[in-house]
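If you use this note's numbering, the sequence shown closes out at 378, no skipped numbers anywhere.
The block underneath contains the structure these notes are about, expressed in structure tokens.
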Amino acid sequence: MKGIITIVSFLLVGVATAIFIGFGNSFSPEPTAIDHELQGLNEKYTIKFSHVVAENTPKGIAASMFAQLVKEKTNGWVEVQVFPNGVLTDAQGEFEALKKNKVQMIAPAISEITVHDPKWTVMDLPFVFENEEMVEQAFDGRLGELLFKSIEKYDYKGLAFWENSFKQFTNNIRPVQEPVDMQGLSVRTMPSPLLLDMYQILGAQPQSFSFNEIYEALRNEHIDGIENTLSNIYSKGLYQQQKYMTVSNHNYLGYAVLMDREVWDSLPVQHQNSLMEALDEVATWLRKYAKEHNKDMLEEAEDSGSLEIHYLTENERDLWKEAMKPIYDKYEPIIGEEIMGEVRKLQADR
Ligand code: SIN
């Protein structure tokens, strides 16, 4: 008898527990009003974030910092998993991976974005920005807004601009001071049509392939030179394979953090706000850090003496700008009057 009482007691406790824990909600009355901002907040979200550079670069650190901030701001309900060094795919593959929902966030160099939205070519125009402050005004102002609006047409959601620095030329053949010095050099670029045209106009032979293939291409002498930021040149040891560097600041390597528009729209508003807050905090930190880091890398290049460094003079810069005029003739109509108008305003204000 005692045994039967024990078994019945266990069953009753079990049923009561199941009702309380397992089926509790099915007995709850429907809420009279649904707070849409809170919908989806008891689900865990995972965001796979792919990028192609090393973890110790400005973008690499920014991505890790972003993941940590998102964890804190959402109490762990949104987990950002960062995949650096192109371990999942290269920069162009990231766009496809985003569309197939294999990754949910990317931060490609803007030159990679120009392949998908030609209006973004504005950021690749050679010598268009005189200094970092102008680039920041472009990102923070109407020009940045227009770029994000434009890319929505292709179903991407632009969330933030992240900074690296101006690009410099390096090569193994000769010091490059004037445009004529580029003749015959084979140079790796990102796949931006404007960049490919730019090197062709200079009489060089541009080749486009992914960032993580550069070291081998230099080592095997498949190419003579590259254009990149000091941070990228150093983090991948590319300087070890090069003899000459021209501090040309000829165009800016910046990034845009992108998601697929539908995936972004499917996130609860409260999580969207947390992600935006985290991105803003990271962008503010990165703005300062990227400048300092690239400056430190330039000092290191000077101190090491492993590269012969030439700084473009004002006169030489004018020669380059003159040589680049056909690029403006070709790409201004593609970029369009509205965005070019913003560029002219920035140039007039400086
Ligand atoms: C990057 O900074 O994301 C890579 C740039 C490059 O491909 O040169």
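Even for Gly, the Cβ is constructed at its ideal location relative to N, Cα and C.
query: Segment limits, beta strand (DSSP E) that includes residue 253; result: 253-256
query: Neighbourhood of residue 185 by C-beta distance below 6 Å, restricted to the same chain and skipping five residues each side; result: 287, 289, 292
query: Near the ligand SIN: residue 197 beta-carbon under 7 Å from a heavy atom; result: no
query: Straight-line gap, residue 241 to residue 250 (C-alpha atoms, nearest Å); result: 11 Å
query: Residues of its chain near residue 272, where Cβ-Cβ distance is below 6 Å and the 5 sequence neighbours each way are ignored; result: 199, 203, 336
query: C-alpha gap between residue 347 and residue 76, whole angstroms; result: 45 Å
query: Alpha carbon of residue 172 to alpha carbon of residue 166, nearest angstrom; result: 6 Å
query: Start and end residues, alpha helix (DSSP H) containing residue 228; result: 221-229
query: Anticipated Cβ contact below 8 Å, residue 106 with residue 98, distance rounded; result: 5 Å
query: Coil, strand or helix - residue 238 by DSSP; result: coil
query: Residues of its chain near residue 150, where Cβ-Cβ distance is below 6 Å and the 5 sequence neighbours each way are ignored; result: 363, 367
query: Residue burial classification, residue 361 (beta-carbon count within 10 angstroms, cutoff 16); result: exposed
query: Residue 289 - containing alpha helix (DSSP H), residue span; result: 289-293
query: Candidates 311, 122, 156: closest to residue 376 by CA position; result: 156
query: Alpha carbon of residue 196 to alpha carbon of residue 344, nearest angstrom; result: 14 Å
query: Residues sharing a beta bridge with residue 179, DSSP; result: For residue 179, which the question treats as bridged, DSSP gives no partner whatsoever.
query: Span of the beta strand (DSSP E), counted from its first residue to its last, around residue 335; result: Per DSSP, residue 335 belongs to no beta strand (DSSP E) and is neither H nor E.
query: Endpoints, beta strand (DSSP E) assigned at residue 197; result: 196-199
query: CA-to-CA distance, residue 357 to residue 101, given in whole angstroms; result: 47 Å
query: The region 261-281 touching the region 321-341, judged by at least three CB pairs closer than 8 Å; result: yes
query: Rounded separation between residue 435 and residue 277 - CA only; result: Shown here, the chain extends from 29 to 378; a query on residue 435 therefore has no answer.
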